[in-house]
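To start, the structure under review is shown below, and the notes come after it.
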Amino acid sequence: MAIIEVKHVSKRFFTKDAPVDALKDINLQVEAGDIYGIIGMSGAGKSTLVRCLNFLEIPTEGDVKVNGKNLWDLSERELLQERQSIAMIFQHFNLLMQKNVIDNVCFPLRIQGKSKAEAKIRAMELLAIVGLADRAKSYPAQLSGGQKQRVAIARALASNPKILLCDEATSALDPQTSASILKLLKQINQQFGITIVIITHQMSVVRQICNKVAIMSLGEIKEKGTVNDIFSHPKTEEARELLLRDADSGYEETEQIRELLAERKIRIVYSSNSSYEPVIANMVLMTGKAVNILKADTKNVGGTAKGEMILGLPEDAESQELIIKYLKDRGLDVEEVKGNV
Amino acid sequence: MFSPEVNAMLLRGIGETLYMTLLSTLFGYLFGIPLGILLTISDKNGIKPNRVLFRILDIIVNIGRSIPFLILLILLIPLTRMLVGTSIGSTATIVPLTVAAIPFIARMVESSLREVDPGVIEAARSMGAKTGTIIFRVLLVEARTSLIVGVTIALGTILGYSAMAGTVGGGGLGDIAIRYGYYRYETRIMIVTVILLVILVQILQLIGMVMSSKLDKRK
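First to last, the protein sequences are chains A and B.
With this note's numbering, letter number 279 in the first sequence gets 279, and the count goes up by one each step, no holes.
Add 341 to the 1-based position in the second sequence for this note's numbering, that's all there is to it.
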């Protein structure tokens with residue numbers, strides 16, 4: 001059964017100049033256990049949409065059903081109650097800056113009316129889950145971005161939610177920290193069965209942890225489906241554009257990729273005049289040695305086409321030298337590359 | 342420097358000035374905090390927008406702030422008589438001082454509360470926090486250093502007003518400065534009272550700044 005059901009939801013903001021339709025007839029179903037990505041450029045309406053899921057924004061039209069309850073049918077008190085089962089984390093963490101870590105995590109528990117002692121015990125458990133038990137007495141200002149988001153996650157989990165909404169939760173973090181936060185979210189999803197909705201503008205986030213995705217543009221959902229389907233058969237212009245942007249942003253370290261990374265690599269750079277000659281094909285024919293093309297790209301640098309290619313070399317040193325010599329003789333820049341390409 | 346009588350009078354003046362300033366500030370905050378909170382939350386971007394309430398409070402506070410203190414002092418004489426029994430002396434001065442302080446303090450509280458990161462308020466709302474919880478556990482807590490800085494400013498301003506009250510027999514250092522320094526041409530006494538006022542403001546300012554920076558956990 002769908003845990004979140006959005007039906008014909010529209011949201012119109014009345015600004016000074018003209019009304020703005022932030023959401024236009026949105027329909028969406030999130031199943032229990034999903035990690036559902038909602039992706040779009042800024043201004044697409046995704047932040048408004050996620051706030052409609054807990055009625056922080058009240059839709060102008062349409063129904064939102066969460067945990068089988070239509071949010072319109074709830075009284076003010078019931079809505080506050082319901083929000084405790086729909087936790088949320090934010091791009092800028094939104095921790096209480098004047099409270100230490102443990103008091104931040106205790107905050108939702110105290111709202112629920114738990115005693116101070118009871119809240120403290122639960123908060124310590126949660127901090128252990130996010131790996132910050134030793135920072136309980138620190139203040140947010142003393143933590144790194146990734147640590148702050150971990151505190152925010154612990155705080156979000158405190159009320160035992162069924163759903164976790166993430167509003168650009170990794171956008172303010174560097175790629176490595178972002179990956180570790182996503183890993184934690186995935187773990188939470190699997191360990192506690194919490195359904196996660198992720199708002200992002202980065203395809204890499206969707207690729208790393210989501211099983212379903214909806215692509216938004218200008219207040220509309222252009223395309224939705226499983227991540228697998230959309231990655232292999234994007235149907236709309238918007239989907240292809242987002243996938244294209246993602247192509248530059250590095251890749252996941254699967255077993256296979258790690259193996260490729262282990263081999264000796266070189267980068268060759270060729271300019272427009274040398275690119276007419278099929279260098280690699282000729283090299284393979286001449287030397288009889290095969291290479292692995294790991295990456296190839298052509299960029300417009302100051303008006304001329306600059307090509308860059310990263311090659312994985314065969315294992316034996318003799319072939320490696322042969323290849324490098326061949327390429328250098330052709331007037332190409334050859335450079336050793338280490339680690340991640 | 343002065344005769345023992347004058348020294349005793351100056352000492353009493355310091356005591357009266359502090360008495361008026363501290364009590365007026367206290368009463369001012371008693372009314373100013375709720376007023377500041379209401380102004381903040383009833384604003385259109387507040388947590389309980391209420392246009393009518395906001396407009397009414399906004400106008401009242403603006404009127405209160407635009408009446409010059411000296412005029413207020415005289416206008417309020419009947420109220421002061423009713424509350425204190427007399428309109429002369431330092432206790433009587435507390436009434437107009439408090440009335441003048443309330444709108445001023447309300448604005449200071451409002452501006453401190455507005456500085457609170459809207460994201461933190463949104464986070465509290467997303468957790469299902471009630472309005473009261475947001476006010477007492479988010480707004481007032483997150484704004485506390487700014488509120489303390491506000492108290493320091495309020496104390497300085499009210500101390501200045503209390504000296505003004507001296508012109509109409511309000512007691513305190515201002516009273517001494519007027520009576521001796523101005524009416525009796527005893528410039529030395531006037532200069533000393535002014536120096537004493539400056540020192541008092543400095544001390545209050547210092548205490549406020551130390552407290553607010555001690556309590557600030559953002560660094």
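All residues carry an ideal CB built from backbone N, CA and C; glycine is no exception.
At least one C-beta of chain A is nearer than 9 angstroms to the C-beta of residue 460 of chain B. Counting only Cβ-Cβ distances below 7 angstroms, residue 469 of chain B has contacts in chain A at 80, 81, 83, 84, 111, in chain order. Proximity to residue 25 of chain A across A:220, A:309, A:151, A:293 peaks at A:220, based on C-alpha coordinates. One alpha carbon belongs to residue 175 of chain A, the other to residue 71 of chain A, and they sit about 36 angstroms apart.
Unbroken beta strand (DSSP E) runs of no fewer than 3 residues, entirely contained in the region 185–255 of chain A, are found at 195–200, 212–217, 220–226, following chain order. Looking at the DSSP output, residue 166 of chain A shares a beta bridge with A:89, A:198.
With at least 16 other beta carbons inside 10 angstroms of its own, residue 398 of chain B counts as buried. When 8 angstroms is used as the limit between beta carbons, residue 139 of chain A is near these residues of chain B: 558, 559, in chain order.
Closest in C-alpha terms to residue 20 of chain A, from the list A:11, A:215, A:28, comes A:11. Rounded to the nearest whole angstrom, the C-alpha separation of residue 218 of chain A and residue 59 of chain A is 16 angstroms.
Of all residues in the region 94–125 of chain A, the ones placed with a Cβ closer than 9 angstroms to any Cβ belonging to chain B are 94, 95, 96, 97, 98, 99, 100, 107, 108, 110, 111, 112, in chain order. Interface with chain A (9 angstroms Cβ-Cβ cutoff): residue 483 of chain B is included. Within chain B, the residues 468, 469 have their CB atoms less than 9 angstroms from the CB of residue 159 of chain A, given in chain order. In this structure, residue 189 of chain A and residue 196 of chain A form a Cβ contact; the two beta carbons are roughly 5 angstroms apart against a cut-off of 8 angstroms. The straight-line gap separating the alpha-carbon atoms of residue 76 of chain A and residue 479 of chain B is approximately 20 angstroms. Residue pairing by DSSP places residue 292 of chain A opposite A:312 in a beta bridge. Setting aside the 5 residues that flank it on each side, residue 372 of chain B is surrounded in the same chain by 443, each with a C-beta closer than 6 angstroms to its C-beta; the list follows chain order. Residue state for residue 263 of chain A is assigned as coil, using DSSP reduced to three classes. Ranking B:535, B:556, B:357 by CA distance to the CA of residue 522 of chain B puts B:535 first. Annotation: residue 113 of chain A to residue 437 of chain B spans about 43 angstroms, alpha carbon to alpha carbon. Counted as a single uninterrupted DSSP element, the stretch harbouring residue 142 of chain A is not any alpha helix (DSSP H), since DSSP gives it neither H nor E.
As the crow flies, the alpha-carbon of residue 526 of chain B is around 20 angstroms from that of residue 349 of chain B. Identification of residues in the region 492–517 of chain B having a C-beta nearer than 9 angstroms to some C-beta of chain A yields an empty set.
For residue 92 of chain A, the chain B residues whose Cβ falls inside 7 angstroms of its Cβ are 460, in order along the chain.
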